[in-house]
Each structure stands twice: as structure tokens, then as C-alpha cells.
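In our numbering, the protein residues as written are 288 to 748.
Comments concern the structure below.
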Amino acid sequence: MNFERGMRDKISNYIDIDSEFCIEMNICGAAVYDFCCFGIDQSGQLSDDRYMIFYNQEASPDNAIRFVSGENQGRFYINFSRLSSAIDRLVFTVSIDGNGTMGEISSHNFMLSQNNATKISMQLSGLDFQQEKAIICMEIYRKDVWRIAAVAKGFNGGLSALLAAYGGIEIKSETTNTEPRNPAPLPTTPSSPLSVSAPTIQKNREEELTQKIMGKISLSKDKANLEKHVVNLSKCVVNLSKENGVNLDSIRAKVVVVLDYSVSMRNLYINETIQHTIDRLVPLGLTFDDNGSIDVYLFQNDCRKMADLTLSNYEHYVDKVIFYSGYTMGGTQYAPVLNTIIEGCISVQPGLFGFGKKTVTTQAIVDDAEPTFILFITDGDNADKNQTDVIIRKSSGMNVFIQFIGIGYDLFGYLQQLDNLPGRVRDNTGFSNMKDLEKADDNELYQNILSQFSCWLRGQQ
């Protein structure tokens with residue numbers, strides 16, 4: 288199977304995960320290259336430096352990862368059955384030691400094989416990169432089961448910078464080592480966890496992002512209403528950037544909010560739970576969308592595009608936009624609204640308060656220019672599962688991520704199994720269950736909204 292950037296799948300679809308397999312990486316270029324596998328924990332950190340497998344440490348302590356180096360190539364032999372349960376992700380990288388950039392390479396190839404048969408391959412060239420000094424090639428990670436993702440992302444720094452990005456600092460000798468590279472003896476006792484980045488650096492990033500967002504808010508009343516949410520969102524964005532190795536604070540994306548307007552949602556609109564949630568969503572548009580606004584859709588058995596959510600209308604959005612639209616509550620079908628956002632549609636809708644009819648053409652929002660992030664909030668499973676499967680499969684080849692938030696105590700059987708939906712180019716959906724939107728604090732809300740989106744972005748970049 289030839290993988291392309293952004294593709295991901297269960298690794299068991301290609302190999303026997305109970306048997307050893309091989310990751311081979313090679314590169315053609317004029318520089319000196321270092322191949323490395325980082326064994327990362329659940330917090331996204333290299334918390335045990337014995338799981339940095341490279342030319343100077345050719346095996347992990349459990350012997351689950353072994354490295355064999357060659358001229359401009361490296362092989363990693365992986366055995367899941369031996370791997371420590373503390374390791375949540377294996378990140379395969381190649382970096383330049385000395386001068387040169389990845390934009391100057393002729394080719395870079397990645398192959399996963401078992402029993403001498405190639406199961407997955409990926410080919411890259413210098414045209415895929417510019418001035419980067421390293422490539423994050425592939426990741427193998429746990430998400431219920433072991434999965435593989437083609438990251439193919441350039442990185443601005445060499446091996447030392449990669450080490451720092453995963454939570455550690457390089458300890459340099461006081462004397463210059465002029466000896467050739469030889470594997471170091473495997474430590475017999477666990478080494479101390481690597482030092483983490485200074486808290487002040489993260490704090491500065493949070494404050495910088497907060498100031499950037501607040502600078503887009505002109506009215507003092509809006510500053511007072513939104514500042515707390517902006518501060519909490521900034522903390523979440525910076526934390527996720529560190530955990531997932533993606534600069535979430537510099538991402539530009541179209542933000543779309545889809546709200547369930549079925550009969551069972553009535554109380555959440557009346558008791559202002561939805562309005563309070565909308566207030567907390569405003570900073571998302573200010574953070575990610577160039578124009579600072581959010582596209583809003585309501586859905587039941589069909590769907591209706593509402594006025595964009597902006598600083599000028601957010602305060603009474605439910606009363607003055609949603610209720611005023613005259614749109615009525617109904618059942619629960621996901622496909623019509625997803626089709627409208629992803630493909631566009633022409634529909635005949637009732638006029639204001641149900642009087643008369645009008646033909647409405649809705650243009651598709653999703654395109655290749657920038658990512659589209661769809662936040663889809665619902666309180667129950669859908670009645671159109673087959674139709675929804677079709678549009679989600681189609682969207683999997685597009686530049687769009689759909690984050691489903693299930694609210695309340697429904698089992699959400701359909702959304703729970705979306706990760707296993709066959710026939711997708713890549714996994715571009717996430718699901719989180721939040722029992723009570725009103726009781727959830729900002730940190731819980733923003734984590735549920737953005738954590739899986741940031742993981743998807745890492746595979747897209």
C-alpha cells in the first residue's frame with residue numbers, strides 16, 4: 288500500500304501485530320543524516336531517554352525496538368509484544384547533521400515490511416520541503432488499537448531540536464568528541480527523565496496568544512465578557528501544541544459550528560445552555576478564522592444556515608438569530624447538513640416565520656485552500672447512518688476535520704464506531720462525550736473540541 292501525506296489506518300490491516308516487523312528509511316542527498324525513533328508517552332513526552340533509538344543507542348531496554356544503520360539508511364525492528372505499556376507513540380524521523388536542508392534531497396523513502404514483504408511505503412522528495420533540517424516521517428500510535436499515520440512533515444531543526452520538541456534537552460560533553468559514531472552501551476538502570484522546557488516559555492506563548500486575540504476585540508464590554516474564555520483557550524491551544532507537536536496557535540482554518548435542533552434539544556436552548564456555549568465558542572473564530580467569524584448551521588431532518596457568529600451578534604444569538612429565523616425543531620439526521628457544508632446544495636425553504644417560500648443556494652465551505660474545522664454538537668444518534676457514512680467517506684479525502692461532541696447520556700453508538708468506518712482515505716473525524724455542557728469548565732470544553740483536531744493537523748502538515 289502506497290501511503291500519502293495525511294493518510295492513517297489500523298496497522299493490523301497490513302501486518303500481524305503479534306510478530307516483529309521492520310521500518311526501513313533511506314534518503315538520497317549530499318548531507319549526513321541521522322535516523323531516529325522516539326518512544327513517546329501519553330503526555331507526548333520522551334519521559335525515558337532509553338526510548339530514543341538512534342546511532343548512539345541501538346536498542347530500547349525491553350529490546351522491543353532495535354536499530355541497524357547503513358549508509359544513508361536505517362532499519363528499525365519493532366516488536367509490540369515486548370514494548371512497555373508506557374510507550375504510546377513511536378515517531379520516526381530523519382535529520383541533517385551539519386549543513387544542508389531537506390529541500391535539497393533527491394528522495395526519501397519509508398517502507399514497512401514483515402517477512403521480507405513490503406506492506407506500506409511512502410515516497411517523498413525535496414519538492415515536498417524547503418529549508419527544514421528534519422522530517423517527521425511516520426508515527427505509529429495507540430488509539431484503542433495500534434495505528435499508523437503518514438505525517439511527512441518538515442521540521443525546523445536537527446536531532447537536538449527534535450529531542451527538545453519531545454520534552455528533553457541535549458546534554459553536551461565539555462570536550463569535543465572526535466571519535467567515529469559507535470553505539471553506546473545500553474544502560475542497565477533507568478536513566479532520569481529528561482528535563483522539560485521552562486514553564487516561563489509556555490507562559491509567554493499563552494500570554495502572547497491571549498494578547499493577539501484580545502487585540503481583535505474593540506468594545507470594552509466584549510473584552511470583559513470574553514477575556515476569561517480567551518485566556519483559557521490560549522492555555523489549551525499552547526498545551527496541545529506542545530503535546531502533539533503542531534503549532535496550533537499559528538493555524539488558519541475555517542470554523543463551522545453545527546448545532547442539533549431536534550425536539551430533544553429544546554430545554555438546552557430555553558435554559559440558555561446553548562447561548563452560554565456560543566459565548567465560549569466566539570474565541571475559536573477569533574483564534575483560527577481570518578475574518579474572526581464562525582459559520583453556523585442548525586439541523587434536524589434538514590438544515591438551515593444561520594447568520595455568521597461574530598462579535599456584533601454573539602450576546603443574544605439564540606434569541607435574535609436562531610429563534611427569530613423561524614426554523615422549527617424536528618428529528619435527527621446528520622447527512623443533510625454535512626452534505627450542505629461539504630458539497631453545497633440548493634433548497635426551498637419557508638419564508639420568515641413560515642410565510643411563503645424561497646429558493647436558497649448554499650455554497651460548499653470546504654476547499655483545498657485551508658483546513659475546515661467542523662464542530663458538530665448533538666444530543667443523540669442519527670436516523671440516517673448509511674447516508675452519513677457516504678458523506679464522511681467522501682470528506683475523508685478533503686481538507687476537513689469533523690469533531691462530534693455528544694452531549695447528555697445517550698450511548699452514541701454510531702459516533703463511537705466512526706474510527707472503524709472502512710473505505711476512508713484518512714481518519715478525519717473525532718468524537719467526545721460531554722455529559723453536561725453547562726457544568727463543563729472552559730478547559731474541559733476546549734480540550735474536547737481541539738485535542739483530536741490538533742492530532743489530525745499533525746498528520747496533515
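For every residue, glycine included, the Cβ atom is placed at its ideal position computed from N, Cα and C.
Secondary structure at L573: helix, using DSSP grouped into helix, strand and coil.
Rounded to the nearest whole angstrom, the C-alpha separation of T649 and L708 is 28 Å. DSSP places K722 outside both helix and strand once states are collapsed to three, so it counts as coil.
Counting other Cβ atoms within 10 Å of its Cβ, L596 reaches 16 or more and is therefore classed as buried. In this structure, L370 sits away from E311, with a CB-CB distance that is not shorter than 9 Å.
Classified as buried, V569 has 16 or more neighbouring CB atoms from the shown chains inside 10 Å of its CB.
Bounds of the alpha helix (DSSP H) holding H516 are S507 to N531. Residue environment analysis places R295 among the buried positions, since at least 16 neighbouring C-beta atoms fall within 10 angstroms of its C-beta. Annotated as proximal: E391 and G316, with beta-carbon spacing under 9 Å. The C-alpha of D654 lies about 12 Å from the C-alpha of F688. Among the bridge pairs identified by DSSP, G717 is matched with Q690. DSSP, reduced to helix, strand and coil, places R337 within a helical segment of the structure shown.
Out of N534, L411 and F575, the CA that lies nearest to the CA of K503 is found in F575. By the neighbour-count definition (other C-beta atoms within 10 Å, threshold 16), V438 is a buried residue. Secondary structure at K440: strand, using DSSP grouped into helix, strand and coil. V545 and Q704 have their C-alpha atoms spaced approximately 20 Å apart. In terms of Cα proximity to N554, the closest of L598, V605, S528 and D335 is V605. If you ignore the 5 residues before and after G700, its C-beta comes within less than 8 Å of the C-beta of D668, all in its own chain and listed in chain order.
The beta-bridge partner set that DSSP reports for T659 consists of K541 and V687. In the three-state DSSP reduction, K430 falls in the strand class (E or B). Going by beta carbons, D509 and K541 fall outside the 9 Å limit.
In this structure, the CA atom of K499 is about 13 Å from the CA atom of L571.
In this chain, the beta strand (DSSP E) harbouring Y320 covers Y320 to I327. Under the three-state reduction of DSSP, G361 is assigned to strand.
M288 counts as exposed, since fewer than 16 other beta carbons sit within 10 angstroms of its beta carbon.
For the region 561 to 606, the continuous beta strand (DSSP E) assignments of 3+ residues that do not extend past its boundaries occur at 582 to 586 and 590 to 592, in sequence order. Closest option to N519, judged by alpha-carbon separation, among C742, R292 and Q734: Q734.
Under the three-pair Cβ rule at 8 Å, the region 314 to 328 counts as touching the region 373 to 390. Rounded to whole angstroms, the Cβ separation of P348 and R362 is 19 Å, and the two are not in contact under 8 Å.
Per DSSP, D349 lies in no beta strand (DSSP E) segment and is marked neither H nor E. Per DSSP, reduced to three states, the secondary structure at I435 is strand.
Nearest C-alpha to A421 among I628, R434 and G445: G445. Within its own chain, the residues whose Cβ lies closer than 7 Å to the Cβ of K592, once the five positions on either side in sequence are excluded, are Y584 and T649, listed in chain order.
Residue range K672 to S682 is occupied by the alpha helix (DSSP H) that includes K681. I629: member of the alpha helix (DSSP H) spanning A622 to E630, first to last residue.
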